[in-house]
Amino acid sequence: MRFRKTPRCAGFTLAEVVLGVLLLGMTTALLGRAVADSLRAVESARYHEPNGYPIMKVRHAMLRLPTRAQVEEGGELEVPTIRASQREGDQTETLMLRARWQAEVKPTRLLNVFQVALEIDIEGGENEAEKVESLIFAYRPGWVDAQELESLLDAKEEEFNDRRTARGETVEDEE
């Protein structure tokens, strides 16, 4: 007696479907945990670090400015900050802090990367004015001065040619 083979239907087996759902569930759980942890870190900065939230807001505002001249002008920002009250348990209060900042921007040896020395003066609330200094490295192509770009590219070309010369290569070897 001869058995006929039935053609296999295209599709996934039960084991493949279960494995896919299991992997999707694990990925979702991990991503959910990462989001929850980052939100908890932001809340922790708001409540526990004296001026963590205003400093973060000033950095974000400064890095959103489109030109280097605007960054070097500095600025002022009003930041609502939530503070927990130690006397009354879980009570919170919202304080308005004023953050004045100024920045000194210097080019680095890397193309479009700048070193930003940021000074922030924070006033308001129950604490006296606080001065915070921060050093940030930022990749900002829009901040490049044409003359600086040209001199940086010339320096890189000269460095490249010096390395080629040290290896004994010449421009004629290329042709």
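Quick note: the sequence shown, position 17, residue 8 per the numbering used here, numbers continuous.
A virtual CB, placed ideally from N, CA and C, is assigned to each residue, including glycine.
Option nearest residue i by Cα separation, candidates the options
i, options, result
"L88", "E7, A120, E150", "A120"
"D145", "E124, A6, L102", "L102"
"Q106", "L126, A90, T18, A52", "L126"
"V104", "R31, R131, A27, G11", "R131"
"T83", "E67, E7, E34, R55", "E34"
"L68", "T85, A60, R50", "R50"
Start-to-end residues for the beta strand (DSSP E) that takes in residue i
i, result
"F128", "121 to 130"
"P98", "83 to 98"
"F105", "104 to 114"
For residue i, three-class secondary structure by DSSP
i, result
"G133", "helix"
"G66", "strand"
"T161", "coil"
"T156", "helix"
"K58", "Before going further, note that residue 58 is Thr rather than Lys in the sequence given. The answer is coil: DSSP assigns T58 none of H, G, I, E or B."
"T19", "helix"
Presumed contact (8 Å Cβ cut-off) between residue i and residue j, rounded CB distance
i, j, result
"W92", "I111", "5 Å"
"K48", "V70", "5 Å"
"I113", "P45", "5 Å"
"A108", "A94", "7 Å"
Continuous alpha helix (DSSP H) stretch holding residue i: start and end
i, result
"L54", "43 to 54"
is_contact[residue i, chain C] using C-beta, thresh 8 Å
i, result
"L15", "Looking at the structure shown, chain C is missing, and only one protein chain is on hand."
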